[in-house]
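Numbering (the numbering used here), first residue to last: 1055 to 1299.
Every residue gets a Cβ at the ideal spot worked out from N, C-alpha and C, and that includes glycine.
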């Protein structure tokens, strides 16, 4: 009878041991689920005029208006469309960043184009890893601590090297040539039939001395370009960097 009880106890223990990984797999599968969110990519002004805002929620003023090329204003006008770089919250209200340090309040515009972005949660994976770590033996935990200390030292050294080699991000440029073309993201130039349009200003080129805020730096056909907003890019060789972060 004693031998039979031992076999039964061992079988039960084995069943519990095998059930744990399956439970963790189920948890991980649930946590790995992704959700899709729509983000605004273009908006249109719905009011007669609406202010341009700074990132702190303050409005542009007549003394320091919003400047884009040769165009200056403190407000955007009805039915004008803007490409959206990102959506942010300022003092509890939603705003759309349109480039060149300017934001438009969501209540003053309507979204005319969006894109779908996937997002996933990582908080659950921490729980799974925590629960699994609790079930490990003392020998495993001690060896893991040794391994983690090695990883920590190597990680810290690699992070320090990354900081040393990190490059500054360009935030503002100035045209150095008499004129330089506006480019599309495929490297083609704006044309007279389809010029670059900003508010009431139309042109196929940017002029010498004009300053532009830079949203991002990209490579098109092995050449460096700066994105200046509203689907327009300027070639790096035709401008000089005057601000970075």
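Residue i (DSSP reduced to helix, strand or coil)
i	result
residue 1135	strand
residue 1216	Legend: pLDDT at residue 1216 = 44, less than 50; position of this residue unreliable, no value from coordinates given.
residue 1285	coil
residue 1291	helix
residue 1298	strand
residue 1127	strand
residue 1183	With a pLDDT of 49 at residue 1183, under the threshold of 50, the modelled position of this residue cannot be trusted; read the value that follows with caution. Helix.
Buried versus exposed call for residue i [16 or more other C-beta atoms within 10 Å across all chains shown]
i	result
residue 1161	exposed
residue 1168	exposed
residue 1147	exposed
residue 1153	buried
residue 1142	exposed
residue 1099	buried
residue 1283	buried
residue 1088	exposed
residue 1091	exposed
residue 1138	buried
residue 1163	buried
residue 1227	buried
Nearest candidate by alpha-carbon position, reference residue i, set the options
i	options	result
residue 1108	1094, 1097, 1149, 1091	1149
residue 1261	1097, 1137, 1292, 1271	1292
residue 1132	1110, 1104, 1114, 1265	1104
residue 1238	1286, 1231, 1268	1286
residue 1268	1252, 1294, 1274	1294
residue 1242	1223, 1289, 1232, 1227	1289
residue 1127	1281, 1252, 1274	1252
residue 1094	1276, 1111, 1166	1166
residue 1130	1118, 1278, 1117, 1158	1158
residue 1156	1118, 1172, 1171, 1277	1118
Chain B contact for residue i (CB, 8 Å cutoff)
i	result
residue 1269	Here there is only one protein chain, and chain B is not present.
8 Å contact criterion, which residue i and residue j should meet: CB distance rounded
i	j	result
residue 1102	residue 1135	No, residue 1102 and residue 1135 are not in contact; Cβ-Cβ is about 16 Å, not under 8 Å.
residue 1120	residue 1114	5 Å
residue 1244	residue 1258	5 Å
residue 1017	residue 1230	Outside the displayed range of the chain (1055 to 1299) lies residue 1017, so it cannot be described from this structure.
residue 1296	residue 1265	7 Å
residue 1281	residue 1272	6 Å
* For the stretch 1239–1282, list the beta strand (DSSP E) runs that are entirely contained and at least 3 residues long, ordered along the chain. => 1250–1252, 1255–1257, 1259–1261, 1265–1267, 1270–1274
* To do: Entirely within the stretch 1094–1122 and at least 3 residues each: give me those beta strand (DSSP E) ranges in chain order.
  => 1103–1105, 1120–1122
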